[in-house]
Amino acid sequence: MKQDLTAKEEEAMNIFWQHGPQYVREMLAYYPDPKPHFNTLSTVVRTLEEKGYVGHTSIGTSYQYYAAITAEQYHKKTLKSVISRYFKGSYLNAISALVKDEQISADELKQLVDQISKNAR
783 MKQDLTAKEE EAMNIFWQHG PQYVREMLAY YPDPKPHFNT LSTVVRTLEE
833 KGYVGHTSIG TSYQYYAAIT AEQYHKKTLK SVISRYFKGS YLNAISALVK
883 DEQISADELK QLVDQISKNA R
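Using the working numbering, read the sequence shown as starting at 783 and increasing by one per residue.
Right, here's the structure in full:
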């Protein structure tokens, strides 16, 4: 996978993850008004394909696009990128920042330690 996704690209990926393979015209139905122009959405989908997030199947003269990675794979990749970029690759630094900013409670930390202990067995 090349590059992170823009907000518009992530929005399109969510449609693939929630609704499966789509033609660009079908995707428009999942957007709220004002809907993006067909050509704009088509460009977003082609960019996703260039980045490796989307593939396509030729059906007649049209392309039906599909997600090339799962939402879970994308979320893991994004988390790794954030940890690498902002916390020097340290998950401990990330958790410490959450504790310092009071974004995670002592009870949640205890649950995390318990989960780690279970996984280690």
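Where is the CB? At the ideal position from N, CA and C, for every residue including glycine.
Remember, predicted model here, so these are calculated numbers, not experimental data.
Gly837 has Tyr848 as its beta-bridge partners, per DSSP. With distances taken between CA atoms, Glu792 lies nearest to Leu823 out of Asp815, Pro816, Tyr805, Leu823. Cβ neighbours of Lys870 within its own chain (closer than 8 Å, five residues either side excluded): none. Straight through space, the alpha carbons of Leu874 and Val881 are spaced by roughly 10 Å. Taking each of Gln897, Val806, Leu810 in turn and checking the Cα distance to Thr839, the smallest one comes out for Val806. Counting the other Cβ atoms within 10 Å of the Cβ of Tyr813 gives fewer than 16, which makes it exposed. Within a 10 Å sphere around the beta-carbon of Tyr847 sit 16 or more other beta-carbons, which makes this residue buried. In this structure Ala876 does not touch Ile886 by the C-beta definition: roughly 10 Å separates them, more than the 8 Å allowed.
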